[in-house]
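Okay, so here's the structure we're looking at.
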Amino acid sequence: MYYLKGNIITDGKVMPDQIIEVDGCRITGVGVKRQNHEAPMIEVKNGFICPGFVDIHFHGVDGMDFMDEGKGVFRDITTHLPKYGITSCLATSRTASLPDINEFLQAATRYNPLNPEGARILGVHLEGPWLSPKYSGAQRKELIRALTWSDVISVIEPYQSIISKMTIAPEEVKDPTIIPHLVSLGIQVSAGHTNASIEQIRVTIEHGLSQLTHTFNAMSPVDHRRPGTAAAALYFENLICELITDGVHVESRMIELLYKMKRKENIALISDCTGYNQFPDGEFLERGKELVRKGNEVRLKNGSLAGSAITLNEGVKHAISQCNIPLAEAVFMATETPAKAAGTDLKIGKIKPGFLADFVILDQDMGVTKTIIDGKVMYSSSI
C-alpha cells in the first residue's frame, strides 16, 4: 500500500490537494485521509496526478513499428511508452498484404498483454487494407482492397478476441451486413481513409459504426453541397472522433471547432505516431518509403503526410496551449474517451476506487515526470 498526494485531474475536473490510496494494482480510495502512516507517500507539489494516457491509434515509437519483423517488437515498443505517460494502447497496423496482416495478428496473439515491463496492450487496431484508394494517404494504394465476407472469415474471425477496433471505408464494404457482424464480434468500427458521403455515414451508423479515424484527415471533406465524412463528424453527435493534435494534421481553429461541437466525451486524442518521433529533420528511407521530416511534419516525397512525429503527451499539451481546450478536458480526451473507444472491459481512464492504479504525473509544463502502471512505477524522470 502507498499514497499519492497532490492536485488530481479526473472526470474532466481538477481536484486540488487530494490523497489517493493505492493497494496492489488498484485504487482503493480517493480524497481520503492517510490511515496507514507507515505506508509511503508520493507527494506531487507542482504538477498534476492524472489517469494514465490511453493511445488507441499509433503504429510505433522511437524508430519501431508494430509491423516490424522480430519476435520482441511488441515488448520493445510497450517498454518505451511509459516515458510518454502512456499506460494502455491499441497496437495499430497499416495497410499490408493479407499474409502480413495475419502475421501481425499472430504476433499480437503471442504477446502477453500483462506485460510487467511497460504499457498494456488492450488489443489491436486494424487500419487497412479495407480503405478507399482515393483517400489512401501514406497507405500503400496497391494493397488497398474492398472488405468481403471472405476476408472477414479468413482474417478477422480467427482473431476476433484481440481485434478491438477496425478502420474501414464504409463505401468499400461489399455487403452492408458485414458491419453489424463485426460489431457482434465485439469490434469497434471506425470510418477512415474514406470517400463516404454524409448519407453513407448515416446509414453505416445504423449498422453499428461508432467512430471516425483521425478526423478531417484522409476523408471526404466538409462541403456545403456534397457533405462528406468530415461533415458527418460535426453533424452526428455520438460519433467518437479520433483527433491528431500536432499542429500539422489539423489547424488549431478546426480542432477548437470540433471540440465546441463534440465536447470532451466524443473526442479521443491520438498520436498516430509512426515511430519517427526521435528522427532528426531531413530525408531518410524507412520501411521502403522515402520520407522527409521537418519539425512535427513527416511526409512522403509526394507531400502526403505519413502519420505524425509526436507522442500523445505532446498532443495533450498542444490541445491545451494552442486550441483553447481546458487542461482537465484535454486530459479527459486522452484518458476516459479513448478507453471507452477501445471497448475495453478494464477499469481504466479514471482515478476512482476500484479502477486500476494507472497514473501519469505531469509538471506545470505538461512534462511527464512519473508513470505508474498497475500500481508500479514504470518511469520516473529522476531515475
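If you're matching positions, the sequence shown starts at 750 in my numbering and goes up one per residue. Glycine included, each C-beta is placed from N, C-alpha and C at the ideal position.
The shortest C-alpha to C-alpha distance from residue 886 to any of 851, 927, 1055 and 924 is the one to 1055. Counting along the chain, the unbroken alpha helix (DSSP H) around residue 952 starts and ends at 947-956. The shortest C-alpha to C-alpha distance from residue 837 to any of 1116, 1036 and 1106 is the one to 1106.
DSSP places residue 874 in the uninterrupted beta strand (DSSP E) bounded by 869-876. Here residue 825 is not near residue 1020, since their CB atoms are 7 Å or more apart.
Non-local C-beta neighbours of residue 967 in its own chain, meaning closer than 7 Å and more than five positions away in sequence, comprise 884, 886, 941 and 942, ordered along the chain. In the structure shown, residue 900 adopts helical secondary structure according to DSSP, grouped into three states. Distances from the alpha-carbon of residue 841 to those of 848, 854, 1043 and 782 put 854 closest. Around the beta carbon of residue 898, fewer than 16 other beta carbons lie within 10 angstroms, which makes this residue exposed. Our two residues, residue 1091 and residue 781, have alpha carbons roughly 30 Å apart in a direct line. Less than 7 Å separates the beta-carbon of residue 980 from that of residue 947. Here residue 1128 is bridged, per DSSP, to 1120. Rounded to whole angstroms, the gap between the alpha carbons of residue 1000 and residue 1007 is 11 Å. Within the model, the alpha-carbon separation for residue 818 versus residue 892 is close to 19 Å. For residue 1112, DSSP records a beta bridge to 796. In the displayed model, residue 1067 falls within a helix according to three-state DSSP. The residue from 1025, 1049 and 1057 with its alpha-carbon nearest to that of residue 1018 is 1057. Exclusion of the five residues before and after residue 868 leaves 827, 830, 831, 835, 836, 837, 838 and 1122 as the residues of its chain whose Cβ lies within less than 7 Å of its Cβ. Only buried fits residue 798, as 16 or more other CB atoms lie within 10 angstroms of its CB. Contact annotation: the segment 1039-1049 does not touch the segment 1074-1089, with fewer than three C-beta pairs closer than 8 Å.
In the three-state scheme derived from DSSP, where H, G and I count as helix and E and B as strand, residue 831 is classed as helix.
Residue 782 carries a coil assignment under DSSP once its states are collapsed to helix, strand and coil. Nearest C-alpha to residue 878 among 871, 787 and 889: 889. In the three-state reduction of the DSSP assignment, residue 824 falls in the helix class. Residue 995 has no beta-bridge partner at all, per DSSP. When the alpha-carbon of residue 965 is set against those of 808, 955, 908 and 991, the nearest one is in 991. Closest by C-alpha distance to residue 769, out of 958, 848, 1103 and 960, is 1103.
Non-local C-beta neighbours of residue 802 in its own chain, meaning closer than 7 Å and more than five positions away in sequence, comprise 834, 835, 836, 1061, 1062, 1083, 1084 and 1109, ordered along the chain. In the three-state reduction of the DSSP assignment, residue 771 falls in the strand class. Just measuring C-alpha positions, the residue of 1127, 880 and 1025 sitting nearest residue 812 is 1025. Across the structure, residue 882 and residue 1048 are spaced so that their CA atoms are roughly 18 Å apart.
No Cβ-Cβ contact shorter than 7 Å links residue 936 with residue 873.
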